[in-house]
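Structure first, then comments.
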Amino acid sequence: MRRVVHFYRSTVGKKVAMAASGAVLFFWVIAHMLGNLTTFQGPEKINAYAEGLRTFGEPFFGPGQVLWMVRLVLIACVAIHVLAALQLWWLSRAARPVGYHNPPHLELSYASRTLRWGGVIIFLYVAYHLMHFTLGTVHPDFRSGDVYHNLVVGFQAWPVAAVYILAVGALGFHLYHGVWSTFQTLGLNHPRYNRYRRAAAAVIAVGLFVGFVSVPVAVLAGVLR
Ligand code: HEM
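Residues 216 to 440 in my numbering are what the sequence shown spells out, letter by letter.
The structure is reproduced here in structure tokens:
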């Protein structure tokens with residue numbers, strides 16, 4: 216444990232913690248997007264899927280227990296990701312209180328700026344999203360357990376759908392730059408492979424974006440109702 220804490224104290228340790236927690240969140244987001252696509256199979260499927268998440272692990276675990284274990288892992292990953300990001304930002308500011316006159320590595324500073332602001336937007340979005348579809352406090356007609364109804368009614372208000380589409384766009388950029396900067400941290404930046412690295416990051420980001428926006432767009436288009 217002491218060795219882990221010692222490693223975390225270094226800049227590389229913080230970057231590795233960011234990459235590892237980011238990777239867990241990344242795979243969870245992919246699973247969430249794929250789960251959302253069951254909405255296209257109708258109300259029974261998506262509602263059964265959501266119920267399946269709540270009862271997962273029964274009879275060995277009680278209702279909601281596995282779900283809460285997953286939630287705790289996710290919360291820990293978000294906390295590590297945010298804490299390491301803030302500490303790295305403070306470290307870089309402390310190292311250079313006055314900015315570069317001619318900033319070097321323009322690409323790098325562009326990526327970290329986008330990551331920082333994208334991270335703030337995604338954080339605020341998730342807070343709103345939980346109040347909207349999980350707690351239902353900001354939903355006009357929330358019905359516990361009827362995810363299909365909640366989605367269709369929620370996205371029929373176009374400004375709400377627009378917020379989701381913009382937030383998922385910010386997530387796409389965040390993942391694109393996140394994957395890119397993880398390769399940078401790992402030192403995988405050989406010019407010969409950079410092209411493939413960018414293409415891979417772009418395909419993942421665009422795939423997630425399209426998968427997520429398909430639900431609000433289908434509601435607005437009247438395909439899901
Ligand atoms: C258009 C895009 C999205 C749609 C339609 C959507 C839909 C939903 C729905 C319906 C739920 C509630 C499920 C239930 O209570 O059974 C949910 C939960 C959640 N969503 Fe999303 N989501 C979207 C994007 C995202 C994104 C981009 C993130 C994260 C960056 C996210 C994070 C979460 C979290 C953390 C929960 C709570 C999960 C839990 O109960 O443990 N969602 N989402």
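Ideal Cβ positions, reconstructed from N, Cα and C, are used throughout, including at glycine. Here the structure is a predicted model, which means the values were calculated and not measured.
Asked: Distance cut-off 8 Å: H392 Cβ against heavy atoms of ligand 1; Found: no
Asked: Contact test: R331 Cβ vs ligand 1 heavy atom, cutoff 8 Å; Found: no
Asked: Contacting residues, own chain, Cβ-Cβ under 8 Å from M248 (five flanking each side not counted); Found: L423, G426, F427
Asked: G237 vs C292 beta-carbon contact at 9 Å; Found: yes
Asked: S359 - DSSP class collapsed to helix/strand/coil; Found: coil
Asked: Contacting residues, own chain, Cβ-Cβ under 8 Å from V383 (five flanking each side not counted); Found: L423, F424, F427, V428
Asked: CA-to-CA distance, A265 to E273, given in whole angstroms; Found: 15 Å
Asked: Distance between L306 and H354 (C-alpha atoms, nearest Å); Found: 41 Å
Asked: Coarse secondary structure for R438, derived from DSSP in three states; Found: Contrary to the premise, residue 438 reads as Val rather than Arg in this sequence. V438 falls in the coil class under three-state DSSP.
Asked: Residue from L252, R407, G393 with nearest C-alpha to A416; Found: G393
Asked: Closer than 8 Å: M216 CB and nearest ligand 3 heavy atom; Found: Although ligand 3 was asked about, the structure shown includes only ligand 1 as ligands.
Asked: Beta-carbon gap between F241 and V297 smaller than 9 Å; Found: no
Asked: Burial state of N365 (16 or more Cβ within 10 Å); Found: buried
Asked: Element boundaries [alpha helix (DSSP H), containing P374]; Found: 373-400
Asked: Continuous alpha helix (DSSP H) stretch holding T270: start and end; Found: 258-270
Asked: Coil, strand or helix - T254 by DSSP; Found: helix
Asked: Local conformation of R350 per DSSP, three classes; Found: Note that residue 350 is Leu in the sequence shown, not Arg. The answer is coil: DSSP assigns L350 none of H, G, I, E or B.
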